[in-house]
Amino acid sequence: MKILVIALSGIGDALIFTPALNLLRKNYPTAKIDALVMYKGAKDIYDRNKNLNKIIYFNFLKEGFLKSLSFVLGLRGKYDTTINVYPSNRKEYNIISFLIGAKTKAAVNYLRMNNQNLGWLNNCRIQENDLLHNVQTNIKLVEKITNKNLAGQPDLEFDLSEDDLYTASKFLNDKKISNNDVVIGFHPGTSVLKNHIKRRWEPEKFAEL
Numbered sequence: 026m027k028i029l030v031i032a033l034s035g036i037g038d039a040l041i042f043t044p045a046l047n048l049l050r051k052n053y054p055t056a057k058i059d060a061l062v063m064y065k066g067a068k069d070i071y072d073r074n075k076n077l078n079k080i081i082y083f084n085f086l087k088e089g090f091l092k093s094l095s096f097v098l099g100l101r102g103k104y105d106t107t108i109n110v111y112p113s114n115r116k117e118y119n120i121i122s123f124l125i126g127a128k129t130k131a132a133v134n135y136l137r138m139n140n141q142n143l144g145w146l147n148n149c150r151i152q153e154n155d156l157l158h159n160v161q162t163n164i165k166l167v168e169k170i171t172n173k174n175l176a177g178q179p180d181l182e183f184d185l186s187e188d189d190l191y192t193a194s195k196f197l198n199d200k201k202i203s204n205n206d207v208v209i210g211f212h213p214g215t216s217v218l219k220n221h222i223k224r225r226w227e228p229e230k231f232a233e234l
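The sequence shown begins at 26 in this note's numbering and counts up by one.
Dropping the structure here:
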């Protein structure tokens, strides 16, 4: 069995899918499971994930329509199942999954903008539930594919390398931060893509806080 995880919506959504990916691998231990990503950060997360066989990185935003179409058609017929991770409610992602041509095209049936974003192109769907966490929704999607009720919820997976640990340790030492100190971290920025920049808090509000 050959499965393609389509995680084009960004770093956070790629990470959020990792518990479901863990369960997917447990249920298909001999399957070839690949991931398609278009952000370098998502590639970095999946490069370290032992549940994946191959990471396919293609920058759709940079390459343009014709090269992107040629690339997607090059994947046609190579997979039995494609999975659009949740959330990724964009018509482009559904079209990509459709063009790849897997027999099973799994995705979430969204409460909002589903028809406009061509969600009906997918043939293995679960209904979106606003009461569920995104991790739980992705697990429900894997349950739909496997036709099983899956027990447990694995943790998010992001393996730290020796370089990561060294960099963090050096940062703390350079700042003279000890193990007994309380450390509070802020991530005030966002991606400049997809209007995320509009989510940024103004510097003046951080100063007031």
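Glycine is no exception: its CB is placed at the ideal position from the N, C-alpha and C atoms.
None of the values given here were measured: they were computed from a predicted structure.
Using a Cβ-Cβ distance cut-off of 8 angstroms, the segment 67 to 75 and the segment 90 to 110 are not in contact, since fewer than three pairs of beta carbons, one from each stretch, lie closer than that value. Within the same chain, Cβ atoms closer than 6 angstroms to the Cβ of ARG73 are found at ASP184, the five residues on either side in sequence being excluded.
Assigned with DSSP and collapsed to three states, ILE164 falls in helix. One thing to note: ASN159 has its Cβ within 7 angstroms of the Cβ of TYR111. Its Cα nearest to that of LEU77, the residue ASP59 stands out among TYR64, ASP59 and PHE83. Proximity of the segment 26 to 43 to the segment 121 to 129 meets the contact definition, three or more beta-carbon pairs being nearer than 8 angstroms.
By a beta-carbon distance limit of 8 angstroms, LEU49 contacts VAL167. Their separation comes to about 5 angstroms.
In this structure, ILE36 sits away from LEU61, with a CB-CB distance that is not shorter than 7 angstroms. TYR64 is classed as buried because its beta carbon has at least 16 other beta carbons within 10 Å across all chains shown. Listed as beta-bridge partners of ASP59 by DSSP are LEU29 and LYS79. Counting C-beta atoms within 10 angstroms of its own C-beta, LEU156 has fewer than 16 neighbours from the protein chains shown and is therefore classed as exposed.
Rounded to whole angstroms, TYR53 and LEU46 show a C-alpha spacing of 10 angstroms. Under a 10 Å Cβ-count criterion, PRO213 is classified as exposed, with fewer than 16 other Cβ atoms of the shown protein chains found around its own Cβ. Beta-bridge analysis with DSSP links ASN109 to ILE31.
Taking C-beta separations shorter than 8 angstroms and ignoring five residues to either side along the sequence, the partners of ARG101 in its chain run LEU124, ILE125 and GLY126, following chain order.
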